[in-house]
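**Student:** Using my numbering, read the sequence shown as starting at 3 and increasing by one per residue. Quick one: structure below, then a few questions.
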Amino acid sequence: MALLVGCLVLAREKLIMRLGSACICPASHEVQTGAVIAPEGPKQQFGGTVTILQRSCSQFKQVASNEDLPVPMENPYKESLKKCILCGKRVDYKNVQLLSQFVSPFTGCIYGRHITGLCGKKQKEITKAIKRAQIMGFMPVTFKDPAYLKDPKICNIKY
Numbered sequence: 003m004a005l006l007v008g009c010l011v012l013a014r015e016k017l018i019m020r021l022g023s024a025c026i027c028p029a030s031h032e033v034q035t036g037a038v039i040a041p042e043g044p045k046q047q048f049g050g051t052v053t054i055l056q057r058s059c060s061q062f063k064q065v066a067s068n069e070d071l072p073v074p075m076e077n078p079y080k081e082s083l084k085k086c087i088l089c090g091k092r093v094d095y096k097n098v099q100l101l102s103q104f105v106s107p108f109t110g111c112i113y114g115r116h117i118t119g120l121c122g123k124k125q126k127e128i129t130k131a132i133k134r135a136q137i138m139g140f141m142p143v144t145f146k147d148p149a150y151l152k153d154p155k156i157c158n159i160k161y
């Protein structure tokens, strides 16, 4: 008898796995007869079919389809990959207008990577080119050249 009950429990679990999910409603349940399943594997010794009892919730309709599953889509909040604006471009110390975009207009300090958005290689090239231009006299050291103050901003500077 215990073996028969064990087989019924296994058959019920297989049915639940095929149908989707079991009822999780804490409300009153009605017990009704479920589908008729032919025993498989080691249960064939009993022969015939086994009728299992299945609990179903009387309040809610169980859906066995994929209607309620979320629709697959891309993340709408995903930010686009930031790309270095100077990758593939040649940085020269004589191009003062380009170099002045990476210098503070008030102090003459070179902006860091977190402000310019450049990759490490191009940030180092820009820094070397600005220093070389300042040493050779192409760029002022303590401020930004007034001729380039109205140029459009390349990097995301708030001030």
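By construction, the Cβ of each residue, glycine as well, lies at the ideal position given by its N, Cα and C atoms. Values in this document were obtained by computation on a predicted structure and should not be read as measured data.
Might you give, ordered along the chain, the residues of its own chain that have their beta carbon closer than 8 Å to the beta carbon of I128, omitting 5 neighbours on each side?
**Tutor:** Here residue 128 refers to the residue found at position 126 when the sequence shown is read from its first residue. The answer, listed in chain order, is L88, V93, L101, F104, I112, T118, L120.
**Student:** Report, in whole angstroms, the separation of the C-beta atoms of G110 and T144, which I expect to be a contact under 8 Å.
**Tutor:** Residue 110 sits at position 108 when you count from the first residue of the sequence shown. Residue 144 sits at position 142 when you count from the first residue of the sequence shown. G110 to T144, Cβ: 5 Å. Contact.
**Student:** Which residue wins for smallest C-alpha separation from K133, given the options P72, S82, Y95, Y79?
**Tutor:** What you label residue 133 is simply residue 131 of the sequence shown in a count that begins at 1. Checking every option, the nearest Cα to that of K133 belongs to Y95.
**Student:** Which class does I156 belong to by DSSP, given the choice of helix, strand or coil?
**Tutor:** Indexing the sequence shown from 1 puts residue 156 at position 154. The three-state secondary structure of I156, taken from DSSP, is coil.
**Student:** In terms of residues, what are the limits of the alpha helix (DSSP H) holding Q125?
**Tutor:** Along the sequence shown, read from residue 1 onward, the residue named residue 125 stands at position 123. Q125 -> alpha helix (DSSP H) spans 122–138.
**Student:** Alpha helix (DSSP H) containing Q99: first to last residue?
**Tutor:** Here the question's residue 99 lines up with position 97 in the sequence shown. Its alpha helix (DSSP H) spans residues 98–101.
**Student:** What residue range does the alpha helix (DSSP H) around R92 cover?
**Tutor:** Taking the sequence shown and counting its residues from 1, one reaches residue 92 at position 90. Taken as a continuous stretch (DSSP letters only), R92 belongs to no alpha helix (DSSP H), as it is neither H nor E.
**Student:** With DSSP run on the structure shown, which of helix, strand or coil describes S117?
**Tutor:** Position 115 of the sequence shown, counted from the start, is the residue given in the question as residue 117. The residue asked about is misnamed: residue 117 is Ile in this sequence, not Ser. I117: helix per DSSP, three-state reduction.
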